[in-house]
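Undergrad: Numbering (our numbering), first residue to last: 2 to 427. Got a structure for you, written out below as structure tokens; questions coming shortly.
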DNA sequence: TGCGTAGATA
């Protein structure tokens, strides 16, 4: 821990009086430029430099330096240092600077919890669109999409007009919960501002919302209307087709992108930055498409292309897609060898895929292997035992089934269930 | 000087 203060006061309830009048500097000072430059390459250095500055020349600390150090704490998930900086903001009298308040919200979202974010938000007297968006985004980061949408509505009732960023986050919340009606409503609001259609992040969020809410036709319409697309635009659409079982469309789109790249690179030499090189996320979409369509040979070919042509190191999710692909076609032994040959340790998702497929294809031997691996990983769920037990039953292996049931009751932990009341909390 | 979008299983 890097200590800025001898005693860390409670930032939310501090009654410290401002010691420095605002604004101190109209332009960033030289030291601030250093703090800012390290923020990108080495955020810890920003914090250390700031700590030094505080000891040697506290009068040089202004709202810019505080901002950069707050951002550094957020980047490195340093909650204690972030809280100390918050205390400093109050002690030095920089509370009225709204930029600091929004970055503090962002810092708490990254380091502690949403309730701290909400406390900062509540204490801002004149909340603007960025404050509201930061709050919505904080709820999204903490997997609370229902609450995010609720706050989005609250913001509008408060008479604050959403900007492109607010809409982007709100659409992502709709995508998360499959709220097509709300997504369409937001799309309508966006359409009233033609300049918003130039915002690629917003358009990507719109494509993704339609994809996740199941309206693939509308997603494609939006996709087609985006003049300058990026890798994320293409990935959303490829994943969209893959998720909806339209594997051929997904792969057609992937080929179209490859074609586009080919023709662009042959046209002129200086357009390398115009190439949209497929990345690891896009290949997840491609492999998912092959898996859902049972295209095992194509899947293997794309897996190789990814590694050999594009130099992408497969991650756990890519291996997972391949295991899924083999398992769906009942190639259980091949899937098992594939898992054993993986250069990284397979996780519970992968073993559970094999377990599920062993159940479907009645292979009790591999089901037991997968089951024991899940137990080794300490990741076995009651459902996994039930899956294996069902296979034993289907095969008439009653002794094994009884043994397993006995083990299950020995290891049993109390069950728990949750009920969602209304739709407001998630 | 502050807020943003894609990604394996069941």
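Quick reminder that beta carbons are idealized off the backbone N, C-alpha and C, glycines included. Source: prediction; values computed, not measured.
Closest by CA to residue 230, which one among 206, 211 and 296?
TA: 206
Undergrad: Tell me which residues share the same chain as residue 360 and place their Cβ nearer than 7 angstroms to its Cβ, disregarding the 5 neighbours each side in the sequence.
TA: Shown here for residue 360: same chain residues with a beta carbon closer than 7 angstroms to its own, the five before and five after excluded, namely 368, 388, 391 and 392 in chain order.
Undergrad: Which two residues bound the contiguous alpha helix (DSSP H) that contains residue 170?
TA: Start and end: 165–178.
Undergrad: According to DSSP, simplified to helix, strand and coil, what is residue 226?
TA: helix
Undergrad: Thinking residue 64 and residue 98 are a contact (beta carbons under 8 angstroms), I'd like their distance in whole angstroms, please.
TA: 5 angstroms
Undergrad: Using only alpha-carbon positions, find the residue among 321, 357 and 353 that is nearest to residue 345.
TA: 321
Undergrad: Could you pull out every residue in the same chain whose Cβ sits closer than 8 angstroms to the Cβ of residue 363, ignoring the five residues on either side in sequence?
TA: 392, 395 and 396
Undergrad: Between the alpha carbons of residue 140 and residue 128, how many angstroms are there, rounded?
TA: 17 angstroms
Undergrad: Is residue 266 buried or exposed, if buried means 16 or more other CB atoms sit within 10 Å of its CB?
TA: exposed
Undergrad: Can you give the beta carbon distance from residue 167 to residue 202, rounded, assuming they're within the 8 angstroms contact cut?
TA: Actually they do not touch by this definition, with Cβ atoms about 12 angstroms apart.
Undergrad: Given residue 286, which residues of its chain have a CB within under 7 angstroms of its CB, disregarding the five upstream and five downstream residues?
TA: 236, 239, 240, 243 and 251
Undergrad: Buried or exposed, going by whether 16 or more other CB atoms sit within 10 Å of the CB of residue 294?
TA: It counts as buried.
Undergrad: Would you identify the three-state DSSP class for residue 239, choosing helix, strand or coil?
TA: helix
Undergrad: Which of the three DSSP states, helix, strand or coil, is assigned to residue 276?
TA: coil
Undergrad: Taking the alpha helix (DSSP H) that residue 354 falls in, what are its first and last residues?
TA: 349–361
Undergrad: Return the residue from the list 365, 123, 177 and 41 that minimises the CA-CA distance to residue 402.
TA: 365
Undergrad: Can you look up residue 214 in the DSSP assignment and give me helix, strand or coil?
TA: In the structure shown, residue 214 sits in coil (DSSP, three-state: anything other than H, G, I, E or B).
Undergrad: Can you give me the C-alpha to C-alpha distance between residue 161 and residue 148, rounded to a whole angstrom?
TA: Using only the alpha carbons, I get a separation of about 18 angstroms.
Undergrad: Among 306, 179 and 82, which residue has its Cα nearest to the Cα of residue 283?
TA: 306
Undergrad: Can you tell me which of the three DSSP states residue 189 falls into?
TA: helix
Undergrad: Where residue 106 and residue 5 are concerned, what is the direct C-alpha to C-alpha distance, given to the nearest angstrom?
TA: 20 angstroms
Undergrad: Using the C-alpha atoms, what's the distance from residue 301 back to residue 131?
TA: 46 angstroms
Undergrad: Have a look at 313, 291 and 357 and flag the residue whose alpha-carbon is nearest the alpha-carbon of residue 323.
TA: 291
Undergrad: Taking 7 angstroms as the limit between beta carbons, can you name the residues of its chain near residue 73, skipping five residues before and five after?
TA: 40, 44, 47 and 48
Undergrad: Could you give the DSSP three-state label for residue 408: helix, strand or coil?
TA: helix
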